[in-house]
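**Q** Quick one: the structure is below, questions incoming.
Below you can see the structure in the form of structure tokens.
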């Protein structure tokens, strides 16, 4: 039997296989609350040993995209309980990904009173879909005050507690793909002159503080993080200190003792390749579980599992049109292709209506 399909340990959790469903924004949560359709979607894909949900905001300020879910209200927390119950009934484990969009957002997508925030008041190039006015340019974010840094950290903590109440096995902090936590890591989006900007040590400070606070609140064995060194999403690109910064960040996260680092390589989508030396440094510095993702097939997954480079492998796009992806992998059943036009549209079309191989 291939290693990918064998059982694994994740902290104190037992996983039925080493296949992870990667987080993917699907924009089906009307009113920012995940409904029954969302629960069905995750239940269908519970062949994975571990599911990581789509990006879910810990704050009204973090709801930058249309129809993405949150987990900061009682209504949202109760709604997520339906999801976790269905996934657990299928024998899978599930982490919620906490994604604060930061400067990648638009006021038209935010609830009343919320605002677009960032480490610095630096505009991100590009546009954002709004349901009311179509495509709109990103606005220039407001630079976060010290008070807002503190309140945002507290929002991450409260959302993490809500996640455990909702039955999640843990939380994955989204410090990748150009969203708020990664915005602090990048010198192009973080030009602060206080202790949260400037040096590498200062730029990683907020991410480390959030990880530490969440691990204290819900347990380090339930706290994880996603990183995308050398990514090119949302107007953040590799910088000269990328290797040094992520190596130090891995050391700090190891000291906290979080359960996993989820390292994503976007080179299959046109971004620069993650430097092998950086992956190896993170693997060496971090003693917890390492999840690798980005353009994997079964053969490459087996290679990185058998070499010890990775402990678990995450698959994203293949899960879109193949809810029974693990079965298809095991039986060499051809994979269905997904409909690009329905990735972010409301409703079940291109979401929960993909067929099983039988």
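In our numbering, the protein residues as written are 4 to 361.
Don't be surprised by glycine CBs; every beta carbon is placed ideally from N, CA and C.
#1: Kindly indicate which three-state DSSP category residue 79 falls into: helix, strand or coil?
#2: In the structure shown, what three-state DSSP assignment does residue 226 receive?
#3: Residues in the same chain with beta-carbon distance under 8 Å from residue 91, minus the five sequence neighbours each way, listed in chain order, please.
#4: Relative to the alpha-carbon of residue 38, which residue among 84, 75 and 6 has its alpha-carbon at the smallest distance?
#5: Rounded to whole angstroms, what is the Cα-Cα separation between residue 312 and residue 53?
#6: Kindly list the residues whose CB is nearer than 7 Å to the CB of residue 173, restricted to its own chain and excluding five residues on each side of it in sequence; keep chain order.
#7: Is the beta carbon of residue 325 sitting closer than 8 Å to the one on residue 315?
#8: In chain order, what are the residue ranges of uninterrupted alpha helix (DSSP H) at least 4 long that sit wholly in the region 9-49?
#9: Find out if the Cβ-Cβ distance for the pair residue 207, residue 251 is shorter than 8 Å.
#10: For residue 166, which residues in the same chain have their Cβ closer than 7 Å to its Cβ, ignoring the five residues on either side in sequence?
#11: Apply the 10 Å Cβ neighbour rule to residue 158 and answer buried if 16 or more other Cβ atoms are within range, or exposed otherwise.
#12: With burial defined as no fewer than 16 other Cβ atoms inside 10 Å of the residue's Cβ, what is the status of residue 343: buried or exposed?
#13: Going by beta carbon distance, what residues of the same chain come within less than 6 Å of residue 329, once the five residues before and after it are set aside?
#14: Here's the rule I'm using: 16 or more other beta-carbon atoms within 10 Å means buried, otherwise exposed. How should residue 219 be labelled?
#15: Helix, strand or coil: which one does DSSP assign to residue 173?
#16: Once the 5 residues before and after residue 125 are set aside, which same chain residues still bring their CB inside 7 Å of it?
#17: Checking 8 Å against the spacing of the C-beta atoms, do residue 289 and residue 317 come in under that value?
#18: Threshold first: 4 residues or longer. Then list the alpha helix (DSSP H) segments lying entirely within the region 226-279, N to C.
#19: Where does residue 234 land, buried or exposed, given buried means 16+ other C-beta within 10 angstroms?
#20: For residue 25, collect the residues of the same chain with a Cβ closer than 7 Å to its Cβ; drop the 5 residues on either side in sequence, then sort them by chain order.
#21: Give the secondary structure of residue 7 by DSSP, where H, G and I count as helix, E and B as strand, and everything else as coil.
**A** If we stick to the structure as given:
#1: Walking along the chain shown from the start, residue 79 turns up at place 76. In the structure shown, residue 79 sits in a helix (DSSP, three-state: H, G or I).
#2: Along the chain shown, one-based indexing puts residue 226 at 223. In the structure shown, residue 226 sits in a strand (DSSP, three-state: E or B).
#3: If you number the chain shown from 1, residue 91 lands on position 88. Correct list, in chain order: 97 and 170.
#4: To locate residue 38, count along the chain shown from 1; it is residue 35. Measuring from the Cα of residue 38, the nearest candidate turns out to be 84.
#5: As a first step, residue 312 must be located in the chain shown, where it is residue number 309. As a first step, residue 53 must be located in the chain shown, where it is residue number 50. Taking the straight line from one Cα to the other gives about 19 Å.
#6: Looking up residue 173 in the chain shown gives position 170. Taken in chain order, the residues that qualify are 98, 225, 226, 227 and 262.
#7: Here residue 325 refers to the residue found at position 322 of the chain shown. Here residue 315 refers to the residue found at position 312 of the chain shown. Their beta carbons are not under 8 Å apart, which means residue 325 does not touch residue 315 by this criterion.
#8: 39-47
#9: In the chain shown, residue 207 corresponds to position 204, counting from 1. In the chain shown, residue 251 corresponds to position 248, counting from 1. Contact flag set, yes.
#10: Stepping through the chain shown from its first residue, residue 166 is reached at position 163. Correct list, in chain order: 74, 99 and 174.
#11: For the purposes of this step, residue 158 is taken as the residue at position 155 of the chain shown. Looking at its Cβ environment, which holds 16 or more other Cβ atoms inside 10 Å, residue 158 is buried.
#12: Position 340 of the chain shown, counted from the start, is the residue given in the question as residue 343. Burial call: exposed.
#13: If you number the chain shown from 1, residue 329 lands on position 326. Exclusion of the five residues before and after residue 329 leaves 22 and 50 as the residues of its chain whose Cβ lies within less than 6 Å of its Cβ.
#14: Taking the first residue of the chain shown as 1, we reach residue 219 at position 216. Flag for residue 219 reads exposed.
#15: Taking the chain shown and counting its residues from 1, the one referred to as residue 173 is at position 170. Strand, per DSSP.
#16: Residue numbering aside, residue 125 sits at position 122 when the chain shown is read from its first letter. Hits under 7 Å: 192 and 194.
#17: Within the chain shown, numbered from 1, the residue matching residue 289 stands at position 286. Within the chain shown, numbered from 1, the residue matching residue 317 stands at position 314. Against a cut-off of 8 Å, the Cβ pair of residue 317 and residue 289 comes out as no contact.
#18: For the region 226-279, whole alpha helix (DSSP H) runs of length 4 or above, ordered along the chain, are 245-259.
#19: Stepping through the chain shown from its first residue, residue 234 is reached at position 231. So residue 234 ends up on the buried side.
#20: Stepping through the chain shown from its first residue, residue 25 is reached at position 22. Taken in chain order, the residues that qualify are 55, 296, 317, 318 and 319.
#21: Translated into the one-based positions of the chain shown, residue 7 becomes position 4. Of the three classes helix, strand and coil, the one that applies to residue 7 here is helix, per DSSP.
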